[in-house]
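Positions 467 to 634 (my numbering) are the ones given, in order, by the sequence shown.
Ideal placement from N, C-alpha and C gives every residue a C-beta, glycine not left out.
Right, one structure below, let's go through it.
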Amino acid sequence: MNQKSVYQFTVQKLNGEHMSLGIYEGKVLLVVNIASECGFTPQLKELESLRKDYEGEDFEILAFPSNDFGGQEPLEGFALGDFCEKNYGVSFPVFEKIRVRGDYAHPLYKFLSDKKLNGNVGASPRWNFHKYLINTRGKTVDFFYPFTKPNSSRIKKRINKLLITEKL
467 MNQKSVYQFT
477 VQKLNGEHMS
487 LGIYEGKVLL
497 VVNIASECGF
507 TPQLKELESL
517 RKDYEGEDFE
527 ILAFPSNDFG
537 GQEPLEGFAL
547 GDFCEKNYGV
557 SFPVFEKIRV
567 RGDYAHPLYK
577 FLSDKKLNGN
587 VGASPRWNFH
597 KYLINTRGKT
607 VDFFYPFTKP
617 NSSRIKKRIN
627 KLLITEKL
């Protein structure tokens, strides 16, 4: 397994089970830190729409709730998934709440935000709904600030390019 890939990390599902990100090998991933009480929270609906646009393709969205910005994620455990599903129709994986910046950041987010670790991108989340794009080999290839809408042409072009070029 490549040490400079997201596949080396284990994350916690809402039911408490630990899961290796290696199960997503071969898929393009959009990794997003979310919060239920943020001005960007309606992006959950747009993220679900994006997921549906790529249904049947090797693409997945992974959502990681975080309370790092303005205390905007008070929910815990299954309440997180229920909120996303009931209010925004989310069907992509929502994981247990984690830290996404600073000394106590989850190892996945330390990797995603540090160019020395991931080899390509050096950008820490500055707010909720920061998005990282991962290629089919688990490499961090791009990021998008929170104000970039999930269904923007910029994000879709990058996803399309990865889905096409990495099948060749």
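Quick check on residue i: does DSSP put it in helix, strand or coil?
{"i": "Tyr608", "result": "At residue 608 the sequence reads Asp, which differs from the Tyr that was named. Strand."}
{"i": "Asn468", "result": "No answer about Asn468 holds up, because its pLDDT of 47 lies below 50 and its placement is not dependable."}
{"i": "Gln538", "result": "coil"}
{"i": "Thr476", "result": "strand"}
{"i": "Phe561", "result": "strand"}
{"i": "Ser618", "result": "coil"}
{"i": "Ala545", "result": "helix"}
{"i": "Tyr570", "result": "coil"}
{"i": "Asp519", "result": "helix"}
{"i": "Ser579", "result": "helix"}
{"i": "Thr507", "result": "coil"}
{"i": "Arg624", "result": "helix"}
{"i": "Asn553", "result": "helix"}
{"i": "Asn481", "result": "coil"}
{"i": "Glu491", "result": "coil"}
{"i": "Glu632", "result": "coil"}
How close, in whole Å, do the beta carbons of residue i and residue j come, if the pair is a contact with beta carbons under 8 angstroms?
{"i": "Phe595", "j": "Ile500", "result": "6 angstroms"}
{"i": "Glu514", "j": "Tyr554", "result": "6 angstroms"}
{"i": "Lys615", "j": "Glu512", "result": "6 angstroms"}
{"i": "Lys605", "j": "Lys470", "result": "7 angstroms"}
List the DSSP bridge partners of residue i.
{"i": "Leu496", "result": "Ile527, Leu599"}
{"i": "Ser486", "result": "Thr476"}
Output yes if chain B places a C-beta closer than 8 angstroms to the C-beta of residue i; else output no.
{"i": "Gly555", "result": "In summary, chain B is missing from the structure at hand, where a single protein chain is found."}
Three or more C-beta pairs closer than 8 angstroms, one from the stretch 532 to 545 and one from the stretch 578 to 587: is that the case here?
no
Give a yes or no on contact between the stretch 554 to 567 and the stretch 477 to 489, applying the rule of three or more CB pairs nearer than 8 angstroms.
yes
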